[in-house]
């Protein structure tokens, strides 16, 4: 029946749109990752987890955070803005093994080709600079933030983009959701 077939197609489209909307902000991965007995009962959130990246580990192994909007709630746009992620010593993702942020283009969600061949940045990145107070500032943008800051630069496309912060061997504060990723802010006057 063509009417039923169209209704099914429309329903799938509606579900995809809802998952995309859910995945645009910071997402609590404990709602869609983990063993069946620990999952949130929301099937929409579980579907969103598959939409964001199938085969996510259980929270005790790794926790992922979707970063799709800046501190003002605007979608990242490397063609119009550059950004910073400033983490005080206490805001650096607490984990046993490592943390990283990976850059993806939109809408494809592919890695971003760039002049320094860097697709992710984190505590295992060679040369990553930490300030004397233990804080880390990451620079996110299409253009270099300057030679002195390139060690902490994750190149972005000159278009909309999305990032994922991954923590491996996360601390209990990450697993239970009390750890909060600091806001990504527009960097004034720079593209």
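In the working numbering, the protein residues as written are 1 to 191.
Quick reminder that beta carbons are idealized off the backbone N, C-alpha and C, glycines included.
Note that the structure is a prediction, hence the values are computed from the model and not measured.
Taking DSSP as the reference, what is the three-state secondary structure of residue i?
i: residue 218; result: Within the shown structure, residues of the chain are numbered from 1 to 191, placing residue 218 beyond reach of any answer.
i: residue 96; result: strand
i: residue 128; result: coil
i: residue 2; result: helix
i: residue 26; result: In this prediction, residue 26 has a pLDDT of 46, which is less than 50 and means its spatial position is unreliable; what the coordinates show is noted afterwards. Coil, per DSSP.
i: residue 61; result: coil
i: residue 179; result: coil
i: residue 185; result: strand
i: residue 9; result: helix
i: residue 106; result: coil
i: residue 112; result: coil
i: residue 79; result: coil
i: residue 119; result: coil
For the candidate residues the options, whose alpha-carbon lies nearest to that of residue i?
i: residue 59; options: 106, 4 and 171; result: 171
i: residue 108; options: 163, 81 and 11; result: 163
i: residue 175; options: 43, 63 and 44; result: 63
i: residue 43; options: 16, 143, 65 and 73; result: 16
i: residue 46; options: 18, 144, 146 and 80; result: 18
i: residue 74; options: 173, 188, 160 and 165; result: 160
i: residue 92; options: 106, 134, 149 and 104; result: 134
i: residue 188; options: 150, 154 and 145; result: 145
Mind reading off the beta-carbon distance from residue i to residue j? Whole number of angstroms is fine, and I expect it under 8 Å.
i: residue 48; j: residue 22; result: 5 Å
Roughly how many whole angstroms lie between the Cα atoms of residue i and residue j?
i: residue 94; j: residue 6; result: 48 Å
i: residue 156; j: residue 139; result: 10 Å
i: residue 131; j: residue 65; result: 24 Å
i: residue 119; j: residue 158; result: 15 Å
i: residue 26; j: residue 83; result: Since pLDDT at residue 26 reaches only 46, below the 50 mark, its modelled position is unreliable, and no value is offered.
i: residue 14; j: residue 81; result: 31 Å
i: residue 117; j: residue 9; result: 40 Å
i: residue 20; j: residue 137; result: 29 Å
i: residue 2; j: residue 178; result: 49 Å
- Query: How do the segment 86-96 and the segment 178-185 stand: do at least 3 beta-carbon pairs fall below 8 Å, yes or no?
  - Reply: Enough Cβ pairs lie closer than 8 Å, so yes.
- Per the contact definition of three or more C-beta pairs closer than 8 Å, is the segment 120-128 in contact with the segment 90-99? Yes, the segment 90-99 touches the segment 120-128.
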